[in-house]
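Chains as they are written, first to last, in this note's numbering: chain G, 130 to 414; chain L, 130 to 414.
Take a look at the structure:
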């Protein structure tokens, strides 16, 4: 028997009515914010959310304010019917799919910004990106009122920015990070992988391979600057074009590691172009 | 019999525990954020809050981030015991008085900014002021989780900034504005009136008198620019020093009024110094 169609809320009022009904029945709720074009990585976050709450809401909203003027907002993949079917199969209870005008009505004029953790890496490469993310995530969390929200470690800097703003603004929600889903050859699952040509897709696993090799070299005591330079060289040898960054940073605040930081938990993060497609990945060190 | 001492919460956890207990008992809660040094204007907001909810929390927090480097943060009046007694007499149920480190712990790095309504008037005269206000009010509202929050019309631009950010960030609270409390001679009640010398206090009612006269002239059809200039002249004649602004603006967005705006609800707002003390006031037109 096919799954029943997934209920869809298109307004804040409808979303809140459903969550309030669950809470009135004594149930907890988790939210999984996404931009749609869902893949197994997203579905693993939905399944993780189910472990933390009785009910799961997934949002699908391609947020215009987190795309730069020359980025891929217009061509970002959209497939609501396919997304809804995948969410239902993963045990999601509600799809929240607001319109742009529901999220940003006439006169909208508020921005949430996070200094520090949002400034290096993608914050430097994509000006305004994390202000767009911080603002829309604040709104989604406050619209939903979920007890828990799940975000993927694939967007590791985003996860740390969200942890910071939730703590700083006292948003009453618990943030849970979910591990990066990967293809069998190691490539991190991403909606943007759909942009890759066959040749680019074949070259793409060089990114996680470079990060894994770098993490091993660091654990063996190699110098950070050497390891970063080697990783960049290996990406370029594999056919990557512009490398926005390959950097080792503190795992929580994403600050540069000082000379005495050998025992600080660290993360290696990278962003690089393969053809016109910008791929990101990261790993613990 | 004297009133029982007012319970005081000093941490977010204690505040939330009390509000959660009320909600579990089916009671609603209202919040009245203040910077302390309470006067009858504040107490009228507490009484108004009681009309909107079963329980009332007043917060007292002198927020450092909304004071400029040359403003009066250090000498701003503080009198918690006196404030607590006044709040209890007005029917407040809980005083929330967090420390600066409870509000802004190590690593704090998030700011809420509002464009448009926060930019003219006090936004121009006090750079950074409304970002400080928007951030701390977002935090207080999310810490408390009240159903309703009451702010005075005395700080009229602040009230409009707060209405805007609550709507934009989808903070689940209803904002209620309370009318400005006034002394018998018309001076708006303000904690900063305590700074005035006797002579300054005697001159201060010229501010509401100038605004009332201006509103009457506008209703009689006088030109906005003429009325603003006359009000400034009358303040200077009464002994005021620097006049930061006397301006007629749209009542909601505080935009300049266009030539066809005779039917737009408007507000006249002023800020001017009497000696070292900066007074503000406003009235509907």
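Yeah, the Cβ is synthetic: ideal placement off N, Cα and C, and Gly gets one too.
Contacts of residue i in chain G (Cβ-Cβ under 7 Å)
i	result
residue 155 of chain L	Result: empty, since nearest Cβ-Cβ is about 12 Å, beyond 7 Å.
Nonlocal neighbours in the same chain, by C-beta distance under 6 Å from residue i, ignoring five residues either side
i	result
residue 95 of chain G	Outside the displayed span of chain G (130 to 414) sits residue 95 of chain G, for which this structure offers no information.
residue 134 of chain L	none
residue 363 of chain L	339
residue 292 of chain G	304
residue 469 of chain L	In the structure as shown, chain L begins at 130 and stops at 414. Residue 469 of chain L is therefore absent and cannot be evaluated.
residue 161 of chain G	174, 175, 178, 187, 279
residue 193 of chain L	202
residue 222 of chain L	184, 185
residue 309 of chain G	282, 283, 317
Cβ-based neighbour list, residue i, same chain, cut-off 8 Å, excluding 5 preceding and 5 following
i	result
residue 140 of chain L	227, 231
residue 337 of chain L	311, 315, 316, 317, 410, 412
residue 106 of chain G	Look at the range of chain G in this structure, 130 to 414, and you will see that residue 106 of chain G is not part of it.
residue 158 of chain L	148, 151, 152, 182, 183, 184, 185, 186, 273, 274, 275, 276, 277
residue 288 of chain L	280, 281, 282, 304, 306
residue 405 of chain L	324
residue 254 of chain G	373, 374, 400
residue 353 of chain G	347, 377, 386
Per DSSP, cross-strand counterpart(s) of residue i
i	result
residue 376 of chain L	L:398
residue 304 of chain L	L:278
residue 406 of chain L	L:403
residue 161 of chain L	L:187
residue 241 of chain G	L:241
residue 266 of chain L	Partner(s): none; residue 266 of chain L has no beta bridge.
residue 232 of chain G	According to DSSP, residue 232 of chain G bridges with nothing at all.
residue 224 of chain L	L:137, L:187
residue 292 of chain G	Residue 292 of chain G pairs with nothing; no bridge assigned.
residue 198 of chain L	According to DSSP, which records beta bridges pairwise, residue 198 of chain L is partnered with nothing at all.
residue 317 of chain G	G:311
residue 385 of chain G	G:378
residue 208 of chain L	DSSP output for residue 208 of chain L lists no bridge partner at all.
residue 337 of chain G	Paired residues: none, contrary to the question.
Within chain L, the residues that residue i reaches when beta carbons sit closer than 9 Å
i	result
residue 190 of chain G	Going along chain L, no residue has its Cβ under 9 Å from residue 190 of chain G, so there is no contact; the nearest lies around 13 Å.
Chain-ordered chain L contacts of residue i [CB-CB under 7 Å]
i	result
residue 268 of chain G	298, 299
residue 241 of chain G	239, 241
residue 271 of chain G	298, 299, 300, 301
Under 8 Å from the C-beta of residue i: neighbouring residues of chain L
i	result
residue 163 of chain G	Under the 8 Å cutoff, chain L gives no residues; its nearest Cβ is about 18 Å from residue 163 of chain G.
residue 274 of chain G	301
Partners in chain G for residue i, counting only beta-carbon separations shorter than 8 Å
i	result
residue 246 of chain L	238
Residues near residue i by beta carbon distance below 7 Å, same chain, minus five either side
i	result
residue 130 of chain G	Since pLDDT at residue 130 of chain G reaches only 47, below the 50 mark, its modelled position is unreliable, and the value read off the structure follows with that caveat. For residue 130 of chain G, where only same-chain residues beyond five positions count, there are no Cβ hits under 7 Å.
residue 294 of chain G	241, 243, 263, 267
residue 179 of chain G	185, 220
residue 332 of chain L	367, 368, 403
residue 312 of chain G	318
residue 172 of chain L	215, 219
residue 393 of chain L	379, 386
residue 199 of chain G	none
Neighbour flag for residue i against chain C, beta carbons, 8 Å
i	result
residue 159 of chain L	Among the protein chains of the structure shown, namely G and L, there is no chain C.
Residue i: CB within 7 Å of a non-hydrogen atom of the ligand MG
i	result
residue 207 of chain L	You won't find the ligand MG in this model; it holds no ligand whatsoever.
- Message: Tell me which residues of the stretch 277-303 of chain G have at least one Cβ-Cβ distance to chain L shorter than 7 Å, keeping chain order.
- Response: Against chain L - using a Cβ distance shorter than 7 Å - the residues of the stretch 277-303 of chain G are 293, 294, 297, 298, 299, 300, 301.
Original post:
Would you say the stretch 276-287 of chain L touches the stretch 401-411 of chain L, given that touching needs at least three Cβ pairs under 8 Å?
Top reply: A contact exists between the stretch 276-287 of chain L and the stretch 401-411 of chain L.
(request) Taking only beta carbons into account, state which residues of the stretch 136-152 of chain G come closer than 8 Å to chain L, listed in chain order. (result) Hits within the stretch, in order: 141, 145.
Q.
Contact between the stretch 144-154 of chain G and the stretch 183-194 of chain G is defined here as three or more beta-carbon pairs at a separation below 8 Å; is this criterion met?
A. Yes, they touch.
Assess contact between the stretch 209-228 of chain L and the stretch 207-215 of chain G, defined as three or more Cβ pairs (one per stretch) separated by less than 8 Å. Is contact present?
In short, these stretches do not touch, since the Cβ pair count stays below three.
With contact counted as at least three CB pairs below 8 Å, one residue from each stretch, are the stretch 308-323 of chain G and the stretch 158-173 of chain G in contact?
-> Contact check between the stretch 308-323 of chain G and the stretch 158-173 of chain G: three or more CB pairs, one atom from each, fall below 8 Å, which counts as touching.
Original post:
For the 8 Å Cβ check, are there 3 or more pairs between the stretch 366-380 of chain L and the stretch 342-356 of chain L?
Top reply: Because the criterion of three Cβ pairs below 8 Å is met, the stretch 366-380 of chain L and the stretch 342-356 of chain L touch.
Give a yes or no on contact between the stretch 269-276 of chain L and the stretch 243-253 of chain G, applying the rule of three or more CB pairs nearer than 8 Å. No, they do not touch.
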